[in-house]
Structure formats: C-alpha cells, structure tokens
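Visitor: Protein sequences appear in the order of chains Y and R.
Under the UniProt record's numbering, the first residue of the first sequence carries the number 1, and numbering increases by one thereafter.
Under the UniProt record's numbering, the first residue of the second sequence carries the number 1, and numbering increases by one thereafter.
All C-beta atoms, glycine included, are put in the ideal place defined by N, C-alpha and C.
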Amino acid sequence: MTITRRLALGGLAAAPLLSAPALRAQAPVEIVFNYPIAVGGPITRIIDGYCEDFARANPGFRVKPIYAGSYQDTLTKTLTAMRGGDAPQMACLLAVDIFTLIGEDAVLAWDDLPGAEKPWLDSFYPSFLENSRTAGKTWGVPFQRSTVVMYWNKEAFREAGLNPETPPADWAQQVEFAQKLTKRQGDATSQWGMQIPSSGFPYWLFQGLTTQNDVRLMNAEGNRTFFNDPKVAEALQYWMDLSMKHRVHPAGIVEWGTTPRDFFERKVAMMWTTTGNLTNVRANAPFPFGVGMLPAGKRRGSPTGGGNLYVFKSASAAQREGAVRFVKFLTTPERAAQWGIDTGYVAVTPAAFETPAMRAHVAGFPAAAVARDQLEHAVAELSTQENQRVTKALNDNLQAALTGRKQAAPAMADAQAEAERILRSYR
Amino acid sequence: MTQAPALPRLGTILETTAAWLLALVWVAPLLYAVWAAIHPTGYATRFELFAPLTLSNFAAAWEAAPFARYFLNTFALVTMVLVAQFVLCTLAAFAFARAAFWGSGILFGLVLVQLMIMPDILLVENYRTMRALGLVDTILSIGLPYMASAFGIFLLRQTFKQVPKELEEAARVEGCGTLGILLRVYVPLAKPTYLAYGLTSVSYHWNNFLWPLVITNSVETRPLTVGLSVFASTDQGIDWAIISAATLMTSAPLLLGFLLFQRQFVQSFMRAGIK
Numbered sequence: 001m002t003i004t005r006r007l008a009l010g011g012l013a014a015a016p017l018l019s020a021p022a023l024r025a026q027a028p029v030e031i032v033f034n035y036p037i038a039v040g041g042p043i044t045r046i047i048d049g050y051c052e053d054f055a056r057a058n059p060g061f062r063v064k065p066i067y068a069g070s071y072q073d074t075l076t077k078t079l080t081a082m083r084g085g086d087a088p089q090m091a092c093l094l095a096v097d098i099f100t101l102i103g104e105d106a107v108l109a110w111d112d113l114p115g116a117e118k119p120w121l122d123s124f125y126p127s128f129l130e131n132s133r134t135a136g137k138t139w140g141v142p143f144q145r146s147t148v149v150m151y152w153n154k155e156a157f158r159e160a161g162l163n164p165e166t167p168p169a170d171w172a173q174q175v176e177f178a179q180k181l182t183k184r185q186g187d188a189t190s191q192w193g194m195q196i197p198s199s200g201f202p203y204w205l206f207q208g209l210t211t212q213n214d215v216r217l218m219n220a221e222g223n224r225t226f227f228n229d230p231k232v233a234e235a236l237q238y239w240m241d242l243s244m245k246h247r248v249h250p251a252g253i254v255e256w257g258t259t260p261r262d263f264f265e266r267k268v269a270m271m272w273t274t275t276g277n278l279t280n281v282r283a284n285a286p287f288p289f290g291v292g293m294l295p296a297g298k299r300r301g302s303p304t305g306g307g308n309l310y311v312f313k314s315a316s317a318a319q320r321e322g323a324v325r326f327v328k329f330l331t332t333p334e335r336a337a338q339w340g341i342d343t344g345y346v347a348v349t350p351a352a353f354e355t356p357a358m359r360a361h362v363a364g365f366p367a368a369a370v371a372r373d374q375l376e377h378a379v380a381e382l383s384t385q386e387n388q389r390v391t392k393a394l395n396d397n398l399q400a401a402l403t404g405r406k407q408a409a410p411a412m413a414d415a416q417a418e419a420e421r422i423l424r425s426y427r
Numbered sequence: 001m002t003q004a005p006a007l008p009r010l011g012t013i014l015e016t017t018a019a020w021l022l023a024l025v026w027v028a029p030l031l032y033a034v035w036a037a038i039h040p041t042g043y044a045t046r047f048e049l050f051a052p053l054t055l056s057n058f059a060a061a062w063e064a065a066p067f068a069r070y071f072l073n074t075f076a077l078v079t080m081v082l083v084a085q086f087v088l089c090t091l092a093a094f095a096f097a098r099a100a101f102w103g104s105g106i107l108f109g110l111v112l113v114q115l116m117i118m119p120d121i122l123l124v125e126n127y128r129t130m131r132a133l134g135l136v137d138t139i140l141s142i143g144l145p146y147m148a149s150a151f152g153i154f155l156l157r158q159t160f161k162q163v164p165k166e167l168e169e170a171a172r173v174e175g176c177g178t179l180g181i182l183l184r185v186y187v188p189l190a191k192p193t194y195l196a197y198g199l200t201s202v203s204y205h206w207n208n209f210l211w212p213l214v215i216t217n218s219v220e221t222r223p224l225t226v227g228l229s230v231f232a233s234t235d236q237g238i239d240w241a242i243i244s245a246a247t248l249m250t251s252a253p254l255l256l257g258f259l260l261f262q263r264q265f266v267q268s269f270m271r272a273g274i275k
C-alpha cells in the first residue's frame with residue numbers, strides 16, 4: 001500500500017512544484033513564526049497585536065504567527081516541518097533546547113545576523129543569557145522567561161501566628177513555618193504547609209534546591225552532569241524529608257498543573273511555582289498573597305526557565321533582516337515591560353524595569369519585582385546535549401525517590417550513570 | 001446440565017457485579033468531567049451535593065477559542081476521510097477478494113504490511129509529500145495519508161470472501177455487470193462491517209492529534225483536538241472546570257452518536273467480528 005500510494009503521489013507531485021513560485025513578486029517579506037501556547041487564552045491576541053504593530057511600523061515585512069500547543073508540541077512541529085523542507089524562519093522554543101537545535105543544525109547564531117550588534121545582545125539579564133549562549137555565540141534571544149518563586153497565603157500565615165509579611169528566609173525556617181501551617185484533623189490533612197510540584201519536569205524545581213545547596217547540575221558545554229555529587233543527594237533528601245519526615249508536604253508526586261488551584265482552595269499555604277503564574281494567582285487567589293524569593297540553603301538560588309527566540313537557517317537574507325528587526329521590536333524596553341505586566345513573565349532587560357509603566361506597576365504590585373531581584377541568584381536551567389533523554393533520567397529518579405521507591409543517594413547515582421552513558425560520546 | 005441450580009445464579013450475580021464495576025470504572029472520568037464542567041471552578045475537586053450549578057464554564061470555553069470553526073473543520077475532515085475510505089477500500093477489497101490476478105497475494109501482503117507501521121513514523125515523509133503537492137495547511141492534507149486504509153481493505157476483503165459465490169452467480173444470470181454485483185450484492189451484505197469500520201474511523205480521526213498539529217497552521221484548517229490544546233496552558237496551571245467543559249463539548253457529538261445508535265453499533269461489531 002505504501003508503495004502504490006507513493007508511486008501515485010510521485011506523479012502528481014511534479015505539477016504544483018512548477019507553478020508555485022510565480023505568484024510572489026512585490027508582496028512584503030513574510031516571516032513564519034512558530035509560537036507555543038504555554039500560557040492560556042488571551043496570549044494569542046497579544047502576539048497577534050505585536051505582529052500587526054510591527055507590520056504597520058515596517059511595511060516591508062510581515063510576521064505570520066503559527067500557534068502550536070505546548071513547547072514540546074511546538075518543537076515537534078518545527079523539527080518535522082524542517083526535515084520536510086519547510087522550516088519556519090523563527091520560533092519561540094525552550095531556552096534549554098539550545099543544544100538540540102544546534103545539534104540538528106537548525107538555527108543561526110544571532111551574532112551572525114545583520115543588524116544584531118553586540119551591545120544589544122548584551123543588554124539582557126546575564127542569567128537569562130547563560131542558557132542562550134554556548135561556544136561563544138548567542139543562539140537564542142530571551143523572550144518569555146521565568147524563574148521559580150514562592151507564593152504564600154497571608155491569611156494562613158496570620159492564622160498560624162506568623163507574620164504575614166515575611167516568608168521563610170532559609171531551609172530551617174521553611175520547615176518550621178510549614179509545620180505551623182499544616183492543619184491536621186486526625187489522619188486527614190486539610191491544609192498542607194507547602195508544595196513543590198514534581199510532575200512533568202521535577203528537575204526544574206529540584207534545581208532550585210540544588211542551587212540553594214550550592215551545587216551545579218551540569219557544565220557550560222552541556223556534556224557533563226554532576227548528579228552524583230553528595231550535595232545533590234542532600235538537596236533531594238531535604239525535599240523527601242518535607243513529606244516523609246516532617247509531614248508538611250503531600251506525599252508522592254505533586255501535580256504541577258493543579259498546584260495553583262490547590263493554593264487558591266487553601267489546600268496548601270506556601271507553593272513553589274513559576275513567575276509565569278503571577279497574573280493567574282493575582283486574578284484568582286481569593287485571599288491576600290505574598291510572593292518571595294525561594295528560601296536560602298547555603299545560598300539563595302533558583303533556575304531560570306521559559307522560552308527564547310530562535311532564527312532558523314531556512315531564512316533568506318531579507319527574512320534574517322526582518323527577524324532581527326522584529327525581535328528588536330519585541331524587546332524594546334516599553335514593549336518588554338508591557339509584556340511582563342500582561343503575562344507575569346520577567347521582563348528581559350534591566351531597561352524595561354526603568355520604564356514609567358513598569359515603575360508604576362511595581363509600585364502598585366511589588367511582587368512583580370521579586371523575580372527580577374532573584375535573578376542575581378539565578379542559574380541556567382538544566383540543559384545538556386540530548387537534553388530530553390538526560391532530563392528524563394533525572395526526572396525518573398527524582399520521582400522514584402519522592403514516591404519512596406529509592407533512597408536519595410542511590411537514585412542520584414543511577415541518574416548520573418544514565419546521563420554518563422548518554423553524554424560520553426559528546427566529549 | 002448436572003450443576004445445581006444455585007451455582008449458575010451465583011455466576012450470574014458475579015458476572016453482573018463485575019460488569020457494573022467495570023462500567024463504573026470506565027464511566028468515572030466522564031462523570032468527573034460532567035461534574036467539573038457544570039459547577040464553578042472551586043468545586044472541581046470538592047464534592048458537595050448541592051453545589052451551585054452553572055453553564056458559564058461552557059460559555060468561557062466557547063469564547064476562548066473559535067470552536068465553531070474547529071467543529072466545522074473536524075466534521076469536514078471525518079466526512080471526507082470516511083467517504084474516500086469507503087470508496088477506495090470497497091474497490092480494493094473487492095479486487096482482492098474476488099478477482100484472481102497475477103501478484104495479488106504479494107500486493108495484499110504489502111497492504112497488510114502497512115498495518116504494522118505506526119503512522120507517526122511517517123510524519124516527516126508525509127510532510128514532504130504534502131509539501132510537494134502544495135497541500136500544507138489544508139484539510140485535505142490531514143486526511144490524505146489515511147484514505148487508502150489497510151485496515152479497511154483487510155476487513156472488507158474478509159467480509160466479501162464470506163459472501164456465497166452462488167449469490168454472485170445468480171446476479172450475473174439476472175444480467176448484472178461487475179459493478180452492479182459489487183453494489184447490489186456485496187455492499188448491502190457487508191453493511192455491519194461498514195458501520196463498525198465507519199465508527200472506528202470516525203472516532204480515530206475525530207481524536208487524532210499529532211499529524212493535524214504538524215500539518216496545519218491556521219484556525220481555518222485545524223480540527224478540534226489541535227484547537228483544544230490551546231487549553232493545555234501548563235505554565236499557568238490548569239483550570240479543570242473549563243478544560244472539562246471544552247472536552248465535553250468537543251466529544252459530545254461522538255458521545256451522542258454512540259448513545260443514539262448504540263444497539264446498531266454493538267450488533268454490527270458482533271457481526272463484523274471486531275471485538
């Protein structure tokens with residue numbers, strides 16, 4: 001069947017190929033932009049608006065956004081189209097996909113593009129650039145970037161006799177607060193002290209703990225991981241103890257997607273989650289809440305996360321010029337500030353925080369500045385060659401430990417052994 | 001029948017309880033979706049018998065994406081695929097079942113080989129083909145790779161083979177041509193197979209996600225499943241009430257169809273031998 005179908009289509013295929021290019025003469029240069037819907041609903045309207053404004057300001061170019069589900073779906077769609085000879089010119093993909101995209105020979109370094117000067121590329125927060133640069137070049141421009149922060153329920157703090165304005169400052173205090181905040185009725189717990197989500201991508205939140213324990217998970221070249229460092233197991237032990245020893249954290253796997261909902265419903269008093277949730281929490285929390293930096297262990301720390309903008313090799317000279325113009329347009333301080341205000345993502349340049357709009361926003365809603373202030377303690381999100389497989393090795397072992405199937409140290413040793421096996425050929 | 005009369009009764013009771021239990025397990029997610037969809041968000045994970053009812057989740061979901069358009073696209077897609085599959089599979093199956101031609105065994109083997117290949121493996125190759133045909137981002141391109149269905153050909157061939165030769169001969173004596181025989185004798189006798197196959201095909205294409213996601217780019221061509229993934233907004237947490245409402249909405253036509261034609265479906269599955 002496969003053969004007969006292909007034979008038939010082969011014959012048909014020749015006809016449209018011959019007639020296609022004739023139609024495009026004076027039309028503006030079109031740039032296809034694959035964009036993931038990582039935050040719900042109105043986000044497409046915001047992006048559509050940017051594209052329209054850009055077309056008005058630059059009549060020679062037209063950006064056509066194509067919305068595609070999650071980051072993962074967008075990556076699949078983009079790479080499939082590319083292998084099918086139909087790559088988009090731009091895409092917003094996870095910052096950690098950098099090695100995958102370079103490995104696939106899919107993307108261009110921004111340094112090599114016309115009009116992308118060094119000062120502009122240097123104008124972003126350094127901790128966002130950490131994930132965007134390798135081998136001396138910038139491969140992604142930070143756009144929708146986030147970091148992990150702590151949200152707490154001020155009402156619950158008051159009820160527990162804690163000062164509602166001060167979040168826990170360090171690991172010991174975090175446990176102590178969580179103990180006071182946990183409400184039990186017999187065997188059932190009506191309110192947990194805290195929640196660190198562990199479904200989907202537990203490595204990201206775990207990286208908060210490891211950074212606070214002053215240990216790095218990978219090197220800058222992305223070909224070596226340090227999962228078997230005793231400090232990594234120590235960080236994992238702390239996370240496990242929250243549920244197994246102190247019983248202030250739900251046992252087993254905590255769902256990422258429903259954690260904000262648990263918070264709104266007062267099932268948990270403190271939660272770790274992305275700054276991308278800021279707008280959601282602000283709109284839906286039925287009680288006053290606080291947003292703070294993650295508590296310090298040996299130091300403060302959190303990974304950065306979220307998406308960068310990439311330009312693909314398929315872009316023609318004119319499209320490359322258009323892509324640079326469009327991204328510069330998106331990251332002007334005013335627009336970056338408005339984007340941050342509308343979505344809760346961290347505005348990507350210090351200049352954006354100096355704009356009047358952002359100053360007014362921060363004055364009325366100080367939580368908006370917490371993520372920025374935490375950036376100086378932030379590190380690059382775990383990203384290696386063969387990123388999907390390496391993070392899976394870590395994720396599986398983290399979940400095994402959190403569900404009580406493995407001890408902390410052996411789990412991390414197993415993760416390291418698996419990562420070692422995958423990465424050996426990249427050294 | 002040497003068994004005591006009490007034993008079969010016990011067997012029946014056990015069987016009935018087991019059937020009910022299984023049915024409950026199967027229907028539980030659906031019941032939950034209904035519960036979450038018709039109550040305000042706060043009740044999504046809390047059970048209170050007299051929680052206030054609301055339809056606002058449906059309104060919110062309907063507002064959040066152009067579902068009317070997605071419905072139209074999906075409807076056009078499944079109809080197109082189904083009609084094409086019926087025509088192509090009937091003709092191919094008839095040839096394999098009744099026409100003795102050189103190499104028919106090998107050709108049929110090749111058709112069966114297609115059953116062993118996951119469509120996802122052909123993602124890139126199919127994309128290239130669609131691009132060469134200039135069909136990227138059209139509804140036709142979503143359906144085209146599935147139209148010559150190996151499963152359909154196989155199923156219909158087996159059914160056609162069971163039709164007694166005498167019927168065909170009688171029709172020929174009455175003056176029926178080959179096409180006439182196919183349409184007047186074989187197709188009517190294979191009706192249960194068509195119904196059963198049609199149901200699996202429609203539900204497969206109604207639910208297919210990866211290929212439509214890859215090959216379509218715009219609201220005008222995307223089917224419901226891809227449109228629904230707009231709600232998978234993991235960065236901001238999940239609103240179960242709205243997701244449940246959207247899911248119910250998108251699966252409602254299939255559910256309704258099944259409930260209405262339940263008896264026919266079950267019977268035709270039994271007769272067609274798909275169990």
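(1) Look up cysteine 92 (chain Y) in the DSSP assignment and give the residues it is bridged to.
(2) Under 7 angstroms, CB to CB, which of the residues in the segment 201-219 of chain R have a partner in chain Y?
(3) Contact defined as beta carbons within less than 8 angstroms: I believe isoleucine 196 (chain Y) pairs with histidine 249 (chain Y). What is the distance between those atoms, to the nearest angstrom?
(4) For serine 198 (chain Y), count neighbouring C-beta atoms within 10 Å of its own C-beta (all shown protein chains included) and say buried if the count is 16 or more, exposed if not.
(5) Just confirm the distance between the C-beta atoms of glycine 222 (chain Y) and threonine 134 (chain Y), as a whole number of angstroms; I'd bet it's less than 8 angstroms.
(6) Check the C-beta distance from proline 288 (chain Y) over to lysine 154 (chain Y) and give it rounded, since I have them as a contact under 8 angstroms.
(7) Report yes or no: do three or more beta-carbon pairs, one from the segment 153-165 of chain R and one from the segment 53-69 of chain R, lie closer than 8 angstroms?
(8) Can you check whether the CB of glycine 290 (chain Y) is closer than 9 angstroms to the CB of serine 146 (chain Y)?
(9) Please name the residue, chosen from R:Trp35, R:Arg128 and R:Leu21, that lies closest to phenylalanine 240 (chain R) on a Cα-to-Cα basis.
(10) To the nearest angstrom, how far is the alpha carbon of alanine 92 (chain R) from that of threonine 79 (chain R)?
(11) Among Y:Ala27, Y:Thr78 and Y:Leu93, whose alpha-carbon lies nearest the alpha-carbon of arginine 62 (chain Y)?
(12) Could you tell me which of Y:Val281, Y:Asp214, Y:Met82 and Y:Ala172 sits nearest to asparagine 126 (chain R), measuring between CA atoms?
(13) Going by the DSSP bridge assignment, what does tyrosine 35 (chain Y) pair with across the sheet?
(14) Note down, in chain order, each residue of its chain lying with its Cβ closer than 8 angstroms to the Cβ of leucine 123 (chain R), except the 5 sequence neighbours on either side.
(15) Which term fits threonine 178 (chain R), buried or exposed, when burial requires 16 or more other beta carbons within 10 angstroms of its beta carbon?
(16) Distance cutoff 9 angstroms, beta carbons only. Does serine 251 (chain R) sit that close to anything in chain Y?
(17) Can you give the Cα-Cα distance for proline 126 (chain Y) and glutamate 117 (chain Y), rounded to whole angstroms?
(18) Taking the alpha carbon of glutamine 72 (chain Y) as the point to measure from, which residue in R:Phe265, R:Ser229, R:Phe269 and R:Gly257 has its own alpha carbon closest?
(19) Counting pairs of Cβ atoms below 8 angstroms between the segment 203-210 of chain Y and the segment 277-288 of chain Y, do you hit three or more?
(20) DSSP three-state call for asparagine 153 (chain Y): helix, strand or coil?
(21) Within 9 angstroms of any Cβ in chain Y, is that where the Cβ of leucine 91 (chain R) sits?
(22) Using a Cβ-Cβ distance under 9 angstroms, would aspartate 73 (chain Y) count as near chain R?
(23) At which residue ranges does the segment 54-91 of chain R contain complete alpha helix (DSSP H) runs of 4 or more residues, listed in the order of the chain?
(24) Starting from the beta carbon of leucine 123 (chain R), find every residue of chain Y whose beta carbon is closer than 9 angstroms, and list them in chain order.
(25) Against chain R, which members of the segment 171-194 of chain Y pass a CB distance test of less than 7 angstroms?
(26) Just to confirm, are glutamine 191 (chain Y) and lysine 267 (chain Y) a CB contact at a threshold of 9 angstroms?
(27) Under 8 angstroms: do the segment 383-395 of chain Y and the segment 86-101 of chain Y share three or more Cβ pairs, one atom per stretch?
(28) Please decide whether isoleucine 37 (chain Y) counts as near chain R, where near means a Cβ-Cβ distance under 9 angstroms.
(29) Once DSSP output is grouped into helix, strand and coil, what is the label at glycine 161 (chain Y)?
(30) State the start and end residues of the unbroken beta strand (DSSP E) segment that holds methionine 194 (chain Y).
(31) Would you mind reading off the limits of the beta strand (DSSP E) that contains threonine 216 (chain R)?
(32) Locate the beta strand (DSSP E) running through threonine 273 (chain Y), then write down its first and last residues.
(33) May I ask which residues mark the beginning and end of the beta strand (DSSP E) holding valine 291 (chain Y)?
(34) Out of Y:Pro114, Y:Ser243 and Y:Gln212, state which residue places its alpha-carbon closest to the alpha-carbon of glutamate 234 (chain Y).
(35) Within 10 Å of its beta-carbon, does valine 29 (chain Y) have 16 or more other beta-carbons around it, so buried, or fewer, so exposed?
(36) Please list, in chain order, all residues of the same chain as alanine 400 (chain Y) whose beta carbon is under 6 angstroms from its beta carbon, the five residues on each side excluded.
Guide: Answer, in terms of the structure:
(1) Answer by DSSP bridge pairing, in chain order: Y:Leu309.
(2) Against chain Y - using a Cβ distance shorter than 7 angstroms - the residues of the segment 201-219 of chain R are Leu213, Val214 and Asn217.
(3) Indeed they touch by this definition, with Cβ atoms about 7 angstroms apart.
(4) Flag for serine 198 (chain Y) reads buried.
(5) Right, their Cβ atoms sit about 7 angstroms apart.
(6) That belief holds up - the Cβ atoms of proline 288 (chain Y) and lysine 154 (chain Y) are roughly 4 angstroms apart, short of 8 angstroms.
(7) Contact between the segment 153-165 of chain R and the segment 53-69 of chain R is absent, with fewer than three C-beta pairs closer than 8 angstroms.
(8) No, Cβ-Cβ distance for serine 146 (chain Y) and glycine 290 (chain Y) is not below 9 angstroms.
(9) The sequence shown places tryptophan at residue 240 (chain R), rather than the phenylalanine named in the question. If we check each option's Cα against that of tryptophan 240 (chain R), R:Trp35 comes out closest.
(10) Using only the alpha carbons, I get a separation of about 20 angstroms.
(11) When only C-alpha atoms are compared, the closest one is Y:Ala27.
(12) That would be Y:Met82, whose Cα lies nearest to the Cα of asparagine 126 (chain R).
(13) According to DSSP, tyrosine 35 (chain Y) bridges with Y:Tyr67.
(14) Leu210, Trp211 and Val214.
(15) Per the 10 Å Cβ criterion, exposed.
(16) With 9 angstroms as the cut-off, serine 251 (chain R) does not count as an interface residue toward chain Y.
(17) Each residue's Cα considered, the two are about 16 angstroms apart.
(18) When only C-alpha atoms are compared, the closest one is R:Ser229.
(19) The segment 203-210 of chain Y is not in contact with the segment 277-288 of chain Y.
(20) In the structure shown, the three-state DSSP call for asparagine 153 (chain Y) is strand.
(21) Not closer than 9 angstroms to any Cβ of chain Y, the Cβ of leucine 91 (chain R) fails to qualify, so no.
(22) At least one chain R Cβ lies under 9 angstroms of aspartate 73 (chain Y).
(23) List check, alpha helix (DSSP H) in window: 56-64.
(24) Under the 9 angstroms cutoff, chain Y gives Thr76, Thr80, Arg83 and Gly84.
(25) Against chain R - using a Cβ distance shorter than 7 angstroms - the segment 171-194 of chain Y contributes no residues.
(26) Closer than 9 angstroms, so yes.
(27) Result yes; three or more Cβ-Cβ pairs closer than 8 angstroms.
(28) Isoleucine 37 (chain Y) counts as touching chain R.
(29) In this structure, DSSP gives glycine 161 (chain Y) a state outside helix and strand, which the three-state scheme calls coil.
(30) 188-195 is the span of the beta strand (DSSP E), which, as asked, contains methionine 194 (chain Y).
(31) Taken as a continuous stretch (DSSP letters only), threonine 216 (chain R) belongs to no beta strand (DSSP E), as it is neither H nor E.
(32) It spans 268-274 - the beta strand (DSSP E) in which threonine 273 (chain Y) sits, taken as one unbroken run.
(33) Start and end: 289-292.
(34) Taking only the C-alpha atoms, the option nearest glutamate 234 (chain Y) is Y:Gln212.
(35) Classification of valine 29 (chain Y): buried, given that the 10 Å Cβ count is 16 or more.
(36) So the list reads Lys406 and Ala411, once near-sequence residues are dropped.
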